[in-house]
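Trainee:
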Amino acid sequence: MIRIWAIAVNTFREAVRDKILYSLLFFALVMIAGSVLIADLTIGEYGKIIRDVGLAAISIFGLLIAVFVGIGLIYKEIEGKTIYTIASKPVPRWQFLVGKYLGLLATLATEITIMAIAYLVVLKGMGAGVTSAMGPAIWLTFVELAVVTAIAILFGAFTSPMLSAFFTIGLTLIGKMSQELRLLGQKSESDLVQILTELAYRVLPDLARFDLRNEASYGLEVEWEYVAYATGYGSAYAAALLVVSSIIFRFRDFK
Amino acid sequence: MTGAAIRTEGLRKVYRTGFLRREFVALHGLDLTVNRGEVFGLIGPNGAGKTTTLKMLMGLNAPTSGQGWILDKPLGSLEALAQVGFLPERPYFYDYLTATEFLHFYGQLHGMTKSQRTHKIDELLPLVHMERARNTQLRKFSKGMLQRVGIAQALMNDPSLVVLDEPSSGLDPMGRMLIRDIVRGLKRNGTTVLFCSHVLSDVEEVSDRVGILIGGRLQQVGTVEELVGDQESSIEIVLGGLEDLEGLPLAPQRSNARGHQIFVADDHEDARALVTAALARGGELHGYHSRRESLEQHFMDEATAVDRLEREEGAR
Chain U
1 MIRIWAIAVN TFREAVRDKI LYSLLFFALV MIAGSVLIAD LTIGEYGKII RDVGLAAISI
61 FGLLIAVFVG IGLIYKEIEG KTIYTIASKP VPRWQFLVGK YLGLLATLAT EITIMAIAYL
121 VVLKGMGAGV TSAMGPAIWL TFVELAVVTA IAILFGAFTS PMLSAFFTIG LTLIGKMSQE
181 LRLLGQKSES DLVQILTELA YRVLPDLARF DLRNEASYGL EVEWEYVAYA TGYGSAYAAA
241 LLVVSSIIFR FRDFK
Chain W
1001 MTGAAIRTEG LRKVYRTGFL RREFVALHGL DLTVNRGEVF GLIGPNGAGK TTTLKMLMGL
1061 NAPTSGQGWI LDKPLGSLEA LAQVGFLPER PYFYDYLTAT EFLHFYGQLH GMTKSQRTHK
1121 IDELLPLVHM ERARNTQLRK FSKGMLQRVG IAQALMNDPS LVVLDEPSSG LDPMGRMLIR
1181 DIVRGLKRNG TTVLFCSHVL SDVEEVSDRV GILIGGRLQQ VGTVEELVGD QESSIEIVLG
1241 GLEDLEGLPL APQRSNARGH QIFVADDHED ARALVTAALA RGGELHGYHS RRESLEQHFM
1301 DEATAVDRLE REEGAR
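Going line by line, the protein sequences match chains U and W. The first sequence begins at 1 in the working numbering and counts up by one. The second sequence begins at 1001 in the working numbering and counts up by one.
So, in structure tokens, the structure goes:
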């Protein structure tokens, strides 16, 4: 455990000392603050717009960090040759991957916490009202980022950053629409299409499951069982991706 | 169980390169034994397979075929890596860490406790002359400082085997001397050292045995004396006060800064004849040195011979 901890802390430390993350965080905070202006320009439902835009900002900037930091996480170690001194130590490669992953998750958790505090300050300041679904909505945004980070690590374990970014963004977008894909298949008269779309839905990540923005914006109730189930699903999916990444990474040569 | 620090049998590495995945054989069946407690220098031109060999020993690359053991443990196994310290060529480290944070990190990867790490860091930083930079970020280090702190990370776990890839790269003469002293110190403590270097005078100075790797094949292994022979290859004579050089048994090769003439004789008989003739003309003897073939000269001859052989085989 000490090795995973050391790698995770080092990854977190690297992110904290990286200026790019501060830039992204700055733009996220600007966008959260800017939700007030957007709400001003919109007729009616002032509070809903502020709540919605703020949550969207947290989700979008969180995704940007997860994808772009996630895909570079492994590649930078190989390209920068820092992996040579780590992989030549008695550290199983899966522990290296898990350490890097947990380090980035800690970074994302910190970023989301800062964004959420800024969001609450704006909501309170503008009297937009805090709804009960906001906490679960922000939590499930974090769970979604945990899945997306695992996807980025999977592709980062064996492809270049360009391909990795392409695949990760592609799979994330598909993941946001996988429920629609399944519904579309269920409407088909062909058994084959129904089986294939159901199979695709089972294999692809269902990221729409983590989206509680509507509930938070409209002040709807969210059952804790739903949040627990979605958290379990996200954790299991991310764990499965890390297992596959570790198997691929175990056999990788460092040229 | 052989008791060897490193043993490989038919270690072969094939890389596939380019769009057509063409095969490139980086190493052709390496059979190598490095004994415990010895300093072994691996030399060879660029692309000879030295770094490929070290990467396979360190578990960074898997051999295409063949097998090997480090301290009787299979290559790449965690048990083997736990007993090894490694400094890669042109090392890249996390430059946002301070020297102390950096060494703590590598100590943690070895599973060391905080007090063990602190004690070891206090011991290693003075050894590599870095105690004044302990709280400086690595991004502010010179190339030589990075190399020195890199050696410190390789020694964090008190390894039984230390593998150094081009440890003198980018170092000034003082830095090179420090590396030689560290290697000698490790040998005194019974640590086995395997190192690759292009600085052949360093290899000659500290190695018990040397392996010459050319074209992915181990061409020769032996002590420096076995490789270059301990016979003198020529005698250098330095003479001064000679106004007329005509008619001497040998012609001077060059002159030094003091204006003395430097002659090179093949044996002592020729040298004596030259000195006798020079003294008879009122000359002064300023130097008389036997010269032995250097490892560098031997290596160049070997590399040229292998290159010629490969060209001839290619032409056939």
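For each residue, glycine too, the CB sits at the ideal point set by N, CA and C. Source: prediction; values computed, not measured.
Inspect the beta-carbon positions of U:P90 and W:H1104 and report whether they are closer than 8 angstroms.
Mentor: Here residue 90 of chain U is taken as the residue at index 90 of the first sequence, counted from 1. Here residue 1104 of chain W is taken as the residue at index 104 of the second sequence, counted from 1. In this structure, W:H1104 does not lie closer than 8 angstroms to U:P90 by Cβ.
Trainee: Do you know whose CA, among W:E1009, W:G1283 and W:S1197, lies nearest W:S1065's CA?
Mentor: For this step, residue 1065 of chain W is matched to residue 65 along the second sequence. Nearest of W:E1009, W:G1283 and W:S1197 to W:S1065, Cα basis: W:E1009.
Trainee: Looking at the structure shown, is W:G1041 part of a helix, part of a strand, or coil, going by DSSP?
Mentor: As a position in the second sequence, residue 1041 of chain W is number 41, starting the count at 1. Three-state result, W:G1041: strand.
Trainee: Strictly below 9 angstroms CB to CB, what residues from chain U border W:F1055?
Mentor: Numbered from its first residue, the second sequence carries residue 1055 of chain W at position 55. Per the sequence shown, residue 1055 of chain W should be read as Lys rather than Phe. What W:K1055 touches in chain U: Y84, S88, D253, F254 and K255.
Trainee: What do you get for U:F251, buried or exposed, if any count of 16 or more other CB atoms within 10 angstroms of its CB means buried?
Mentor: Your numbering for residue 251 of chain U matches position 251 in the first sequence. Per the 10 Å Cβ criterion, exposed.
Trainee: Kindly indicate the opening and closing residues of the beta strand (DSSP E) around W:Y1288.
Mentor: One-based indexing of the second sequence puts residue 1288 of chain W at position 288. Its beta strand (DSSP E) spans residues E1284 to R1292.
Trainee: Excluding the five sequence neighbours on either side, which residues of its own chain have a C-beta within less than 6 angstroms of the C-beta of W:M1001, listed in chain order?
Mentor: Looking up residue 1001 of chain W in the second sequence gives position 1. Here W:M1001 scores only 49 on pLDDT, less than 50, and its place in the model should not be relied on; the value that follows carries that caveat. Once the five neighbours on either side are set aside, the close Cβ partners of W:M1001 are D1072.
Trainee: Going residue by residue through the region 7-82 of chain U, where are the continuous alpha helix (DSSP H) segments of at least 4 residues, counting only ones entirely within it?
Mentor: Correct list: 19-41 and 46-79.
Trainee: For W:E1204, count the other beta carbons within 10 Å of its own beta carbon; 16 or more makes it buried, fewer makes it exposed. Which is it?
Mentor: Within the second sequence, residue 1204 of chain W is the residue found at index 204, counting from 1. Counting Cβ neighbours within 10 Å, W:E1204 comes out buried, since at least 16 surround it.
Trainee: By how many angstroms is the C-alpha of U:T141 removed from the C-alpha of U:G59?
Mentor: As a working mapping, residue 59 of chain U is identified with position 59 in the first sequence. As a working mapping, residue 141 of chain U is identified with position 141 in the first sequence. One detail in the question is off: residue 59 of chain U reads as Ser in this sequence, not Gly. Cα to Cα, U:S59 sits roughly 6 angstroms from U:T141.
Trainee: Do you know offhand how far W:Y1106's Cα is from W:V1224's?
Mentor: Looking up residue 1106 of chain W in the second sequence gives position 106. Looking up residue 1224 of chain W in the second sequence gives position 224. Taking C-alpha positions only, W:Y1106 is separated from W:V1224 by approximately 35 angstroms.
Trainee: According to DSSP, what are the bridge partners of W:R1132?
Mentor: Residue numbering aside, residue 1132 of chain W sits at position 132 when the second sequence is read from its first letter. Paired residue(s): none; W:R1132 is not in a bridge.
Trainee: Determine the extent of the beta strand (DSSP E) in which W:A1265 is found, giving its start and end residues.
Mentor: Your numbering for residue 1265 of chain W matches position 265 in the second sequence. Per DSSP, W:A1265 belongs to the beta strand (DSSP E) from Q1261 to A1265.
Trainee: Give me whichever residues DSSP pairs with W:S1065 in a beta bridge.
Mentor: Locating residue 1065 of chain W in the second sequence gives position 65, where the first residue counts as 1. In DSSP, W:S1065 forms a bridge with W:R1012.
Trainee: Would U:G135 pass as an interface residue toward chain W - the criterion being a Cβ-Cβ separation below 8 angstroms?
Mentor: For the purposes of this step, residue 135 of chain U is identified with residue 135 of the first sequence, where counting begins at 1. Not closer than 8 angstroms to any Cβ of chain W, the Cβ of U:G135 fails to qualify, so no.
Trainee: Name, going along the chain, the residues of the region 1109-1126 of chain W whose beta-carbon falls closer than 7 angstroms to a beta-carbon of chain B.
Mentor: The question asks about chain B, but that chain is absent: this structure's protein chains are U and W.
Trainee: Thinking U:I86 and W:Q1108 are a contact (beta carbons under 8 angstroms), I'd like their distance in whole angstroms, please.
Mentor: On the first sequence, residue 86 of chain U is found 86 positions in, with the first residue counted as 1. On the second sequence, residue 1108 of chain W is found 108 positions in, with the first residue counted as 1. With 8 angstroms as the limit, U:I86 and W:Q1108 do not qualify as a contact, their Cβ atoms being about 11 angstroms apart.
Trainee: Which residues, taken in chain order from the region 57-77 of chain U, show a beta carbon closer than 9 angstroms to some beta carbon of chain W?
Mentor: none
Trainee: List the residues of chain W whose Cβ lies closer than 9 angstroms to the Cβ of U:E221, in chain order.
Mentor: Looking up residue 221 of chain U in the first sequence gives position 221. Those do not exist, as U:E221 stays about 45 angstroms from chain W at its closest Cβ, beyond 9 angstroms.
Trainee: Taking beta-carbon pairs under 8 angstroms, can you tell me which members of the region 1047-1073 of chain W lie near chain U?
Mentor: K1055, M1058, G1059, L1060, N1061 and A1062
Trainee: Quick one: residues in its chain with C-beta nearer than 6 angstroms to the C-beta of W:R1007, no 5 flanking neighbours on either side, listed in chain order?
Mentor: Counting from 1 along the second sequence, the entry for residue 1007 of chain W is found at position 7. Excluding residues within five positions, the ones whose Cβ falls inside 6 angstroms are T1033 and W1069.
Trainee: Assign U:K255 to one of three DSSP states: helix, strand, or coil.
Mentor: For this step, residue 255 of chain U is matched to residue 255 along the first sequence. The answer is coil: DSSP assigns U:K255 none of H, G, I, E or B.
Trainee: Let me check one thing: in DSSP terms, what residues is U:E198 bridge-paired to?
Mentor: Position 198 of the first sequence holds residue 198 of chain U. For U:E198, which the question treats as bridged, DSSP gives no partner whatsoever.
Trainee: Is it buried or exposed, U:G62, if we count other Cβ atoms within 10 angstroms and call 16 or more buried?
Mentor: Taking the first residue of the first sequence as position 1, residue 62 of chain U is located at position 62. Counting Cβ neighbours within 10 Å, U:G62 comes out buried, since at least 16 surround it.
Trainee: Would you kindly work out how many angstroms separate the C-alpha atoms of W:V1206 and W:E1023, rounded to a whole number?
Mentor: Taking the second sequence and counting its residues from 1, one reaches residue 1206 of chain W at position 206. Taking the second sequence and counting its residues from 1, one reaches residue 1023 of chain W at position 23. Rounded to whole angstroms, W:V1206 to W:E1023 spans 37 angstroms at the Cα level.
Trainee: Just how far apart, CA to CA, sit U:D18 and W:D1307?
Mentor: By 1-based counting over the first sequence, the position of residue 18 of chain U is 18. By 1-based counting over the second sequence, the position of residue 1307 of chain W is 307. Answer to the nearest angstrom: the Cα atoms are 49 angstroms apart.
Trainee: One question on the structure: do U:V148 and U:T172 come within less than 8 angstroms of each other, judged by their Cβ atoms?
Mentor: Counting from one through the first sequence, the residue named residue 148 of chain U turns up at place 148. Counting from one through the first sequence, the residue named residue 172 of chain U turns up at place 172. Cβ distance < 8 angstroms, so U:V148 and U:T172 count as in contact.
Trainee: With a cut-off of 8 angstroms, do at least 3 Cβ pairs link the region 40-57 of chain U to the region 1049-1057 of chain W?
Mentor: no
Trainee: So what does W:D1165 bridge to, in DSSP terms?
Mentor: Walking along the second sequence from the start, residue 1165 of chain W turns up at place 165. Per DSSP, W:C1196.
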